[in-house]
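Contents: one structure, followed by commentary.
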Amino acid sequence: MSAKSPLSPEELLHLYRKMVQIRVFEEQAIELFGKGLITGTTHPCIGQEAISVGVCAALGREDQVLATYRGHGAALAKGCSPATIMAELLTRTTGCCKGRGGSMHLCDTAQGFLGTNAIVAAHIPLAGGVALSNKLRKKPLVTACFFGDGASCEGEFFETLNMAALWKVPLIFVCENNGYAISVPTNLSQATPDIADRARGFGMTSVVVDGNDVVAVHLAARAAVEEARHGRGPIFLECKTVRWERHSAFSAGRYEDPEEAQKWKRVDPLPRFREMLLSSGTAAAQLAKVDQDCQEEIAAAVAFAVQSPSPDAASLYEGIFVE
Ligand SMILES: Cc1ncc(C[n+]2csc(CCOP(=O)(O)OP(=O)(O)O)c2C)c(N)n1
Numbered sequence: 671m672s673a674k675s676p677l678s679p680e681e682l683l684h685l686y687r688k689m690v691q692i693r694v695f696e697e698q699a700i701e702l703f704g705k706g707l708i709t710g711t712t713h714p715c716i717g718q719e720a721i722s723v724g725v726c727a728a729l730g731r732e733d734q735v736l737a738t739y740r741g742h743g744a745a746l747a748k749g750c751s752p753a754t755i756m757a758e759l760l761t762r763t764t765g766c767c768k769g770r771g772g773s774m775h776l777c778d779t780a781q782g783f784l785g786t787n788a789i790v791a792a793h794i795p796l797a798g799g800v801a802l803s804n805k806l807r808k809k810p811l812v813t814a815c816f817f818g819d820g821a822s823c824e825g826e827f828f829e830t831l832n833m834a835a836l837w838k839v840p841l842i843f844v845c846e847n848n849g850y851a852i853s854v855p856t857n858l859s860q861a862t863p864d865i866a867d868r869a870r871g872f873g874m875t876s877v878v879v880d881g882n883d884v885v886a887v888h889l890a891a892r893a894a895v896e897e898a899r900h901g902r903g904p905i906f907l908e909c910k911t912v913r914w915e916r917h918s919a920f921s922a923g924r925y926e927d928p929e930e931a932q933k934w935k936r937v938d939p940l941p942r943f944r945e946m947l948l949s950s951g952t953a954a955a956q957l958a959k960v961d962q963d964c965q966e967e968i969a970a971a972v973a974f975a976v977q978s979p980s981p982d983a984a985s986l987y988e989g990i991f992v993e
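Have a look at this one:
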C-alpha cells in the first residue's frame with residue numbers, strides 16, 4: 671500500500687479514520703440542527719476535512735491549535751472527544767465548555783485545543799501570543815492557527831504576520847481558502863489569487879497546497895512543523911479547497927447557482943483519498959470497517975449529548991470570573 675507513498679499504511683489509515691470521523695460528525699450536526707437541537711447556527715467543515723486532519727496529524731499532543739467557528743473538524747483532528755464536542759454543540763453540561771460555548775466556542779486545553787472563535791480573525795493574534803509565549807518560555811511547542819480567506823482581509827491578520835515574522839515565533843498559519851466568505855467570492859475581495867503571496871511579503875516561508883489532498887497537506891504540514899520547531903518559523907500554508915454548499919447549516923451564504931452548490935462534491939477529499947487507498951492496495955473491507963466504527967462512535971456521541979442535561983439557570987455565573 672505504501673510503495674509509492676512516503677507514509678506508512680498505519681499513518682494513511684489514521685488520516686482516513688480522522689476524515690471519516692469528522693464527516694460523520696458534521697452530517698450528524700446538520701441533522702441535529704434540523705431537529706432544533708442546536709440553537710443559533712453551526713458551520714460544517716464538510717469538504718475541508720483534509721486540511722485539519724493533514725495538519726493536526728503532523729502535530730504532537732502538546733502542540734496547540736486555534737481555529738474558527740468552522741472548527742469542529744480541527745477539534746476532532748486535534749484529539750478532542752466527539753462526545754464532549756457534540757455535547758457542547760447541544761450546550762449540555764457534559765460539553766467541553768460545560769455548555770457555555772456551543773458550536774462556535776470549543777476548547778479543550780488538555781488536548782492542546784485552545785479554542786475556536788466566532789469573531790473572524792480574532793484568534794489570529796491570540797495564536798501569535800501563544801506562540802510568542804512558547805518561545806519566551808523556551809517550550810518546544812508549535813502552534814497551528816486555522817482561518818479562512820475572508821479572515822486574511824482583516825487588519826489583525828497582517829499585524830500578526832508582521833510580528834510573528836519579526837520575532838520568529840513557532841507558529842503555522844493555515845489558511846483554509848475555500849473561495850468564499852459567506853456570499854463574497856475571493857475574486858471580489860482579494861487583490862491577488864494566492865493569499866500566500868502576502869506572507870512572502872513579510873519574508874516568511876509560504877506554501878500553496880492542494881487542500882483536498884490529505885497526503886499533500888500532511889507532508890507540507892510536517893515540513894512546516896519541523897521548521898517551526900527548530901526556530902525557523904513562522905510558516906504559512908495556504909490550502910486551496912472548495913466550500914460546502916452553503917456557509918452554515920442555516921441558509922446563509924447559499925450558492926444561487928445549483929451547479930455551483932455541487933462543486934465541492936466533484937473535488938470531495940474523502941472519496942478521492944478512499945480511491946487512492948484502494949488503488950494502492952488497501953482492502954475495501956478495512957475501509958468499510960473504519961466507516962462502520964466511525965458511524966458507531968458518532969452515534970454514541972449523539973446519544974451521550976442528547977441524554978446529557980442542560981446547565982441549570984442557577985449556575986449561570988459559574989466559570990465566568992477568575993476567583
Ligand atoms: C469581525 C467579524 N466580521 C464579520 C463577521 C461575520 N462573518 C461570520 S463568518 C464570515 C465569513 C468569513 O469567511 P472566511 O474567513 O473565508 O471563512 P469561512 O467561513 O469561509 O470558513 C463573516 C464575514 C464576524 N463573525 N466577525
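With the sequence shown counted from 1, adding 670 to any position gets you this note's numbering. Positions of the beta carbon are idealized from the N, C-alpha and C atoms, including for glycine.
Thinking C-alpha only, which one of LEU759, LEU685, LYS748 is nearest PHE703? LEU759
On the premise that ALA891 lies in contact with VAL725, defined as a C-beta separation below 8 angstroms, what is that separation, rounded to the nearest angstrom? 4 angstroms
Taking Cβ positions, are GLU719 and GLY743 nearer each other than 7 angstroms? yes
Report the option in GLY717, THR709, LEU802, LYS688 whose CA atom is closest to the CA atom of GLN734. LEU802
Relative to the alpha-carbon of ASP927, which residue among CYS715, SER853, ALA834, CYS823 has its alpha-carbon at the smallest distance? SER853
Would you tell me roughly how many angstroms separate the C-alpha atoms of PHE695 and GLU897, rounded to the nearest one? 32 angstroms
Sub-7 angstroms separation of VAL884 and VAL723 beta-carbons: Taking a C-beta distance under 7 angstroms as the contact criterion, VAL884 and VAL723 qualify as a contact pair.
How many angstroms separate the CA atom of ILE990 from the CA atom of ALA834? Inter-residue distance for ILE990 and ALA834 is about 30 angstroms (C-alpha atoms, whole angstroms).
Touch check for the region 959-976 and the region 752-769: three-plus C-beta pairs under 8 angstroms? The region 959-976, when compared against the region 752-769, does touch it at the 8 angstroms Cβ threshold.
Three or more C-beta pairs below 8 angstroms linking the region 929-942 and the region 865-872: no
CYS815 - DSSP class collapsed to helix/strand/coil: strand
Cα-Cα separation between ASN847 and LEU889, rounded to whole angstroms: 18 angstroms
Chain-order list of residues whose beta-carbon lies under 8 angstroms from that of TRP837 (same chain, five-residue window excluded): Non-local beta-carbon contacts of TRP837 in its own chain, meaning distances under 8 angstroms to residues more than five positions away in sequence, involve LEU802, LYS805 in chain order.
Backbone CA spacing between THR911 and ASN882 [nearest angstrom]: 6 angstroms
Who does THR875 pair with in a DSSP beta bridge? ILE905
Whole-number beta carbon distance between ARG913 and PRO810, since they are thought to touch under 8 angstroms: Contact doesn't hold; Cβ gap of about 35 angstroms is too wide.
Output needed for VAL878: all residues of its chain with C-beta closer than 7 angstroms, excluding positions within five of it in sequence on either side, in chain order. ASP864, ALA866, GLU908, LYS910
Near ligand 1: GLY741 beta-carbon under 6 angstroms from a heavy atom: no
Could you pull the DSSP bridge partners for PHE695 from this structure? None; PHE695 has no bridge partner.
Tell me whether PRO752 is buried or exposed, calling it buried when 16 or more other Cβ atoms sit within 10 Å of its Cβ. buried
Using 8 angstroms as the Cβ pair cut-off and three pairs as the minimum, do the region 678-690 and the region 704-718 touch? no
Any contact between the region 758-774 and the region 974-987? By contact I mean 3 or more CB pairs, one from each, below 8 angstroms. yes
For GLY825, verify whether its CB is less than 6 angstroms away from any heavy atom of ligand 1. no
Name, in chain order, the residues that DSSP records as bridge partners for CYS766. Beta-bridge pairing links CYS766 to no other residue.
Is it right to say THR779 is buried, meaning 16 or more other beta carbons lie within 10 angstroms of its own, or is it exposed? exposed
Here's the rule I'm using: 16 or more other beta-carbon atoms within 10 Å means buried, otherwise exposed. How should SER822 be labelled? buried
Using 10 angstroms around the beta-carbon of ARG807, count the other beta-carbons present and answer buried if the total reaches 16, otherwise exposed. exposed
Please identify the residue among SER773, GLY820, ALA851 whose C-alpha is closest to the C-alpha of THR709. SER773
Sort out for me which residues DSSP pairs ALA737 with in a bridge. THR786
Is ASN857 a contact residue of ligand 2, with contact defined as CB to any heavy atom under 6 angstroms? Absence of ligand 2 is noted for the structure shown, with ligand 1 being the only ligands found.
By the three-class DSSP mapping on this structure, what secondary structure does ALA953 have? coil
Does DSSP put MET671 in a helix, in a strand, or in coil? Annotation note: pLDDT 43 at MET671 (below 50); position unreliable, coordinate value reported separately. DSSP places MET671 in coil when its eight states are reduced to three.
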